[in-house]
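To start, the structure under review is shown below, and the notes come after it.
Rendered as structure tokens:
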């Protein structure tokens with residue numbers, strides 16, 4: 001079982017990997033670790049209680065996997081975006097519309113996270129883009145370990161291009177799990193409440209970009225766009241905001257421009273690191 | 001957030017440490033959990049008992065230390081304390097406040113036999 005994701009023990013599946021967890025056995029927790037000590041060496045009452053300093057982040061092992069992923073992605077010149085939202089925000093629709101516009105220009109790949117079914121990965125593959133589905137079983141989020149295995153499965157499919165990671169639809173749990181992405185993008189549809197940034201502050205705080213989707217429906221709704229943006233900026237003064245409709249295509253250019261700018265920034269950062277190193 | 005999986009991670013660290021530091025029973029676990037860590041401490045306590053049952057930490061007391069939420073107010077150019085992410089600076093009322101601490105999620109130490 002993955003050390004970072006206890007909530008899906010034995011139920012996580014990465015498409016194409018029969019035993020997705022066998023590569024990192026040395027990182028895995030030993031359920032029977034206490035049996036490795038000297039057998040029966042302990043005489044009750046003779047060894048006094050002692051304190052053991054730990055000072056370890058509980059998510060440290062996830063963060064270590066995330067760092068590995070980030071280094072591998074940067075090395076391959078892949079811009080990785082972690083897309084998070086509540087279920088039904090239109091993430092997959094936005095993604096397929098994005099892929100259709102970029103696929104002739106850039107190498108692309110998608111990692112799809114859902115509790116069950118490969119429906120979304122199939123929707124992605126219909127665009128001709130390589131996709132790997134991760135089913136988290138009972139789990140509520142993707143973690144860096146699962147994503148590492150999905151990257152193995154994808155090979156270099158997005159080298160020099162863009163990898164989209166569609167996280168499990170959930171505005172709470174994915175906030176705490178770094179996957180090794182370059183940017184986290186939170187997607188909020190205008191059919192949801194404009195106070196969602198205040199209700200789920202951790203997610204909006206951890207994101208670099210907020211995309212308001214389904215804006216073609218605004219004339220029929222009471223959704224206050226400016227109030228929503230103000231709420232998001234209260235949580236995260238640095239957050240960028242885009243408004244678009246994947247259905248009509250309005251605003252899609254701004255999103256593609258943002259991706260292009262993010263790619264240019266990552267490439268420049270890579271060149272600087274190389275020059276220093 | 002998924003307190004059950006957090007407890008599984010805590011137990012994993014404890015079991016690794018048990019091998020490295022040669023102990024066989026844990027009587028107390030001290031955690032440092034900031035108010036912004038996204039962890040419900042009551043749910044964590046409940047999960048901790050369930051996850052550690054039959055393990056090296058079975059019956060261990062769980063002590064949770066909550067550090068304050070600290071922030072840097074840009075207009076004041078000073079460190080301040082706030083309660084939540086969207087709170088304004090308590091001195092000047094500005095929202096140009098960068099959170100600097102309060103999202104800790106750490107195992108501090110263990111009392112072991």
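Protein chains in written order, with our numbering: chain A, 1 to 277; chain B, 1 to 113.
Backbone N, C-alpha and C fix where the C-beta goes; we use that ideal spot for every residue, glycine too.
Quick caveat, the model's predicted, so the values are computed rather than measured.
Would you kindly work out how many angstroms separate the C-alpha atoms of residue i and residue j, rounded to a whole number?
| i | j | result |
| --- | --- | --- |
| residue 87/B | residue 17/A | 46 Å |
| residue 27/A | residue 217/A | Reliability fails at residue 27/A, whose pLDDT of 40 lies under 50, so the model's placement of it is uncertain and no value is given. |
| residue 15/A | residue 136/A | 11 Å |
| residue 204/A | residue 53/A | 34 Å |
| residue 156/A | residue 240/A | 30 Å |
| residue 33/B | residue 170/A | 22 Å |
| residue 123/A | residue 66/B | 45 Å |
| residue 97/A | residue 129/A | 12 Å |
| residue 138/A | residue 115/A | 6 Å |
| residue 51/B | residue 140/A | 18 Å |
| residue 72/A | residue 266/A | 13 Å |
| residue 198/A | residue 9/B | 29 Å |
| residue 24/B | residue 59/B | 13 Å |
| residue 253/A | residue 105/A | 14 Å |
| residue 112/A | residue 71/B | 36 Å |
| residue 51/A | residue 14/B | 13 Å |
| residue 74/B | residue 201/A | 20 Å |
| residue 54/B | residue 84/A | 37 Å |
| residue 38/B | residue 83/B | 14 Å |
| residue 3/B | residue 35/B | 14 Å |
| residue 24/A | residue 49/B | Unreliable positioning characterises residue 24/A in this predicted model, as indicated by a pLDDT of 40, which lies under 50. The coordinate reading is nonetheless provided below. If I take the Cα positions, the gap works out to 28 Å. |
| residue 68/B | residue 106/B | 14 Å |
| residue 21/A | residue 58/A | The pLDDT assigned to residue 21/A is 45, lower than 50, so where the model puts this residue is not dependable, and the model offers no usable value. |
| residue 78/B | residue 177/A | 30 Å |
| residue 93/B | residue 162/A | 41 Å |
| residue 102/B | residue 108/B | 15 Å |
| residue 63/A | residue 184/A | 15 Å |
| residue 186/A | residue 77/A | 23 Å |
| residue 81/B | residue 99/B | 9 Å |
| residue 61/B | residue 22/B | 20 Å |
| residue 235/A | residue 228/A | 11 Å |
From what residue to what residue does the beta strand (DSSP E) around residue i run?
| i | result |
| --- | --- |
| residue 114/A | 108 to 114 |
| residue 57/A | 50 to 57 |
| residue 101/B | 97 to 101 |
| residue 202/A | Where residue 202/A is concerned, there is no enclosing beta strand (DSSP E), although the alpha helix (DSSP H) it sits in stretches over 201 to 205. |
| residue 70/B | 69 to 73 |
| residue 109/B | 105 to 112 |
| residue 213/A | 209 to 213 |
| residue 131/A | 130 to 135 |
| residue 242/A | 240 to 243 |
Since residue i meets chain A, which of its residues come closer than 9 Å, beta carbon to beta carbon?
| i | result |
| --- | --- |
| residue 109/B | 51, 52, 53, 54, 55 |
| residue 46/B | In chain order: nothing, as chain A lies at least about 14 Å away. |
Taking residue i and residue j to be in contact with their CB atoms under 8 Å, please state how far apart those CB atoms are, rounded to whole angstroms.
| i | j | result |
| --- | --- | --- |
| residue 56/B | residue 26/B | 6 Å |
| residue 209/A | residue 190/A | About 16 Å; that fails the 8 Å criterion. |
| residue 158/A | residue 109/A | 4 Å |
| residue 195/A | residue 149/A | The Cβ separation is near 37 Å, so there is no contact. |
| residue 174/A | residue 142/A | 7 Å |
| residue 133/A | residue 144/A | About 17 Å separates the two Cβ atoms, so there is no contact after all. |
| residue 181/A | residue 82/A | 4 Å |
| residue 237/A | residue 95/B | 7 Å |
| residue 278/A | residue 94/A | Only positions 1 to 277 of chain A appear in the structure, and residue 278/A is not among them; the question remains open. |
| residue 258/A | residue 244/A | Their Cβ separation, rounded to whole angstroms, is 10 Å, which puts residue 258/A and residue 244/A out of contact at 8 Å. |
| residue 79/A | residue 262/A | 6 Å |
| residue 192/A | residue 89/A | 7 Å |
| residue 214/A | residue 166/A | Residue 214/A to residue 166/A, Cβ: 17 Å. No contact. |
Name the chain A residues whose beta carbon is nearer than 7 Å to that of residue i?
| i | result |
| --- | --- |
| residue 49/B | Under the 7 Å cutoff, chain A gives no residues; its nearest Cβ is about 15 Å from residue 49/B. |
| residue 10/B | 58 |
| residue 69/B | The premise fails here: residue 69/B is roughly 12 Å from chain A at the closest Cβ pair, so nothing lies under 7 Å. |
| residue 106/B | 55, 56, 57, 58 |
| residue 6/B | 58 |
Would you give the residue range spanned by the alpha helix (DSSP H) that residue i belongs to?
| i | result |
| --- | --- |
| residue 17/B | 3 to 21 |
| residue 225/A | 225 to 235 |
| residue 92/A | 91 to 102 |
| residue 51/B | 41 to 52 |
| residue 72/A | 60 to 75 |
| residue 60/B | Unbroken run through residue 60/B: none, as it is neither H nor E. |
| residue 122/A | 119 to 125 |
| residue 260/A | 252 to 276 |
So which residues on chain B does residue i lean against when the C-beta distance must stay under 7 Å?
| i | result |
| --- | --- |
| residue 66/A | Neighbours of residue 66/A on chain B: none; closest Cβ ~14 Å, over 7 Å. |
| residue 235/A | 85, 86 |
| residue 198/A | 86 |
| residue 205/A | 85 |
Can you name the residues of chain B whose CB is closer than 8 Å to the CB of residue i?
| i | result |
| --- | --- |
| residue 184/A | Going along chain B, no residue has its Cβ under 8 Å from residue 184/A, so there is no contact; the nearest lies around 14 Å. |
| residue 201/A | 84, 85, 86 |
Could you work out which residues of chain B lie near residue i, taking near to mean beta carbons separated by less than 9 Å?
| i | result |
| --- | --- |
| residue 209/A | Chain B residues near residue 209/A: none, gap ~18 Å exceeds 9 Å. |
| residue 228/A | Chain B residues near residue 228/A: none, gap ~13 Å exceeds 9 Å. |
- Query: At which residue ranges does the segment 145 to 199 of chain A contain complete alpha helix (DSSP H) runs of 4 or more residues, listed in the order of the chain?
  - Reply: Whole alpha helix (DSSP H) segments, 4+ residues: 196 to 199.
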